[in-house]
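Please read the structure below before turning to the comments.
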Amino acid sequence: MNILFAIALTTGILSGIWGWVAVALGLLSWAGFLGCTAYFACPQGGLKGLAISSCTVMSGVAWALVIIHGSALAPQVQILSYMMTGVVAFLMCIQARRTLLSFVPGTFIGACATFAADGDWRLVIPSLALGLVFGYAMKNSGLWLAARADKHKLFVNDNA
2 MNILFAIALT
12 TGILSGIWGW
22 VAVALGLLSW
32 AGFLGCTAYF
42 ACPQGGLKGL
52 AISSCTVMSG
62 VAWALVIIHG
72 SALAPQVQIL
82 SYMMTGVVAF
92 LMCIQARRTL
102 LSFVPGTFIG
112 ACATFAADGD
122 WRLVIPSLAL
132 GLVFGYAMKN
142 SGLWLAARAD
152 KHKLFVNDNA
């Protein structure tokens with residue numbers, strides 16, 4: 002079985018399940034899909050990729066809260082907010098020197114999700130976290146399915 006087809010199949014099935022789970026738990030389905038996206042986009046796969054994408058996405062949530070709360074300290078001085086955004090964006094990138102924080106897009110995904118949810122981190126964090134787990138399940142179940150189908154195909158061909 003083609004790997005892309007297998008991953009597409011498991012992603013389709015698990016996306017439908019995620020939509021139901023998100024609604025049932027009162028989570029942000031779109032933020033969960035951002036978590037899935039972060040896992041799929043991370044260059045590392047498997048549990049290492051899940052750890053890296055999780056750490057970067059969650060650090061992005063924290064950085065967004067720094068910007069939100071820091072900007073609120075002096076709302077009348079708009080230039081301060083812009084400067085803070087620049088400094089934090091630099092820090093979001095430079096933290097990639099650490100392995101678990103090395104996936105810079107994940108950091109920005111977490112921050113953007115937090116901004117989009119008006120800083121409601123209590124809702125964003127579980128939505129992103131479950132989305133990351135679903136992303137892991139989507140990709141790895143597809144890889145498993147493709148490998149199993151190929152193994153079955155070899156077995157059938159050898160016994161023909």
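Numbering-wise, the sequence shown is residues 2 to 161 according to my numbering. Quick reminder that beta carbons are idealized off the backbone N, C-alpha and C, glycines included. Here the structure is a predicted model, which is why all the values come from computation and not from measurement.
For residue i, the three-state DSSP class (helix, strand or coil)
{"i": "R99", "result": "coil"}
{"i": "G20", "result": "helix"}
{"i": "L92", "result": "helix"}
{"i": "F6", "result": "helix"}
{"i": "P127", "result": "helix"}
{"i": "V78", "result": "coil"}
{"i": "A118", "result": "coil"}
{"i": "F104", "result": "coil"}
Distance between beta carbons of residue j and residue i, contact taken as under 8 Å
{"i": "T57", "j": "F104", "result": "4 Å"}
{"i": "A7", "j": "A130", "result": "Between A130 and A7 the Cβ distance is about 25 Å, and since that is not below 8 Å, they are no contact."}
{"i": "V125", "j": "A32", "result": "6 Å"}
{"i": "F16", "j": "V24", "result": "The question names Phe, but residue 16 is Ser in the sequence shown. About 13 Å; that fails the 8 Å criterion."}
{"i": "L10", "j": "G136", "result": "L10 to G136, Cβ: 15 Å. No contact."}
Burial state of residue i (16 or more Cβ within 10 Å)
{"i": "V88", "result": "exposed"}
{"i": "F91", "result": "exposed"}
{"i": "A75", "result": "exposed"}
{"i": "G132", "result": "buried"}
{"i": "K152", "result": "exposed"}
{"i": "G20", "result": "exposed"}
{"i": "A118", "result": "buried"}
{"i": "G13", "result": "exposed"}
Option in the options with minimal Cα separation from residue i
{"i": "W145", "options": "G47, G17 and L29", "result": "G47"}
{"i": "P44", "options": "P127, D151 and L101", "result": "L101"}
{"i": "D121", "options": "L28, T11, K49 and S55", "result": "L28"}
{"i": "T108", "options": "A42, L10, N3 and S16", "result": "A42"}
{"i": "S64", "options": "Y137, Q77, A114 and A150", "result": "According to the sequence provided, residue 64 is Trp. The question's Ser does not apply to it. The shortest C-alpha separation from W64 is found at A114."}
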